Amino acid sequence: MQMNRRSVLGVFGGAATVAAIGLPVGLANATPEDTMAKIKEFAGDKEPQTGGKLTLNTPEIAENGNSVPVGVSVESAMEGDDMVEEIMILAEGNPNPDVVTFKFSELSGEAIAETRMRLAKTQDVVAVARMTNGDIHMAKAPVKVTIGGCGG
Amino acid sequence: MASKPRVKLPKSASAGEIITIKTLISHEMESGQRKDKNGEVIPRQIINKFTVTFNDKTVFEADIEPAISSNPYFEFAVKVPESGTFKFTWVDDDGSVYETEEAIEVA
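Below, the structure written as structure tokens:
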């Protein structure tokens with residue numbers, strides 16, 4: 001991590017505030033570990049595959065973190081064993097990593113969905129899909145955010 | 001809080017055709033992370049659930065978190081087996097339910 005005067009101030013200022021109101025440090029922002037825990041909860045015992053079956057579409061650079069388009073899709077027949085049950089989207093660097101979970105059905109025809117999300121800062125966005133046969137697919141994409149989307 | 005749900009889909013389709021549906025609803029999606037000018041946290045109020053049914057069968061659902069932008073937008077696919085009615089439902093944190101319906105004709 002690059003340190004400059006501003007980020008040093010931010011880190012210590014933030015830690016002091018958190019300590020002052022008696023919360024454990026680390027509660028303020030999600031960490032990649034929180035995200036990993038969420039993925040584990042979603043995937044169960046299965047190891048996520050990163051073979052590219054799940055496509056995650058995000059812009060490389062988001063000028064406005066308040067509204068960042070995000071699309072997910074999985075190649076599948078959407079029938080029987082080869083069907084997508086759920087796709088979860090997570091943002092590692094937001095105060096809370098959860099973004100949205102899409103649930104599909106046989107009437108979906110195609111496992112594809114798009115929405116717009118908030119990103120607090122430059123970070124990795126993660127999508128995880130669970131198939132009816134239990135397989136887990138994962139994709140990750142970095143998004144550079146120029147103006148953060150957490151208000152205040 | 002919310003108003004005017006808007007839904008865009010074709011009026012007709014052939015049997016088994018996969019169509020794209022786009023939906024948008026006006027809502028602030030207050031994340032619960034922001035503070036007002038007195039430094040008080042503005043309480044969270046978002047749409048936390050979006051459901052789509054076709055002839056009373058669930059087609060598509062979204063569990064929504066505060067990281068979804070204001071005026072939540074969703075785009076997704078549906079395979080249309082027969083003529084019928086789509087029902088779209090948005091559920092607010094305060095318990096309000098916003099609904100709209102659209103019919104589709106299968107030739």
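As given, the protein sequences belong to chains U and F, one line each in that order. Numbered by UniProt numbering, the letters in the first sequence go through residues 1 to 152 in order. Numbered by UniProt numbering, the letters in the second sequence go through residues 1 to 107 in order. Where a beta carbon is used, it is the ideal one built from N, C-alpha and C, also for glycine. Everything numeric in this text was worked out from a predicted model, so none of it was measured.
Judged by DSSP in its simplified three-state form, Phe42 of chain U adopts helix. Sorting U:Asp82, U:Ser67, U:Met117, U:Val128 by C-alpha distance to the C-alpha of Lys40 of chain U places U:Val128 at the top.
Per the C-alpha coordinates, the member of F:Gln45, F:Val78, F:Glu75, F:Glu30 positioned closest to Ser96 of chain F is F:Gln45. The C-alpha of Ala62 of chain F lies about 11 Å from the C-alpha of Glu114 of chain U.
Around the beta carbon of Ala37 of chain U, fewer than 16 other beta carbons sit within 10 angstroms, so the residue counts as exposed.
Neighbours of Ser69 of chain F in chain U, taken as residues whose beta carbon is under 7 Å from its own, are Asn66, Ser67, Arg116, Met117, Arg118 in chain order.
Linking Ser14 of chain F to Ala103 of chain F through their CA atoms gives a straight-line distance of about 14 Å.
Listed along chain F is no residue with a C-beta nearer than 9 Å to that of Glu92 of chain U; the closest approach is about 11 Å.
Chain F has no Cβ within less than 8 Å of the Cβ of Val128 of chain U. With 16 or more other Cβ atoms from the protein chains shown falling within 10 Å of its own Cβ, Asp98 of chain U counts as buried. Thr23 of chain F sits close to Phe88 of chain F, with the two beta carbons spaced by under 8 Å.
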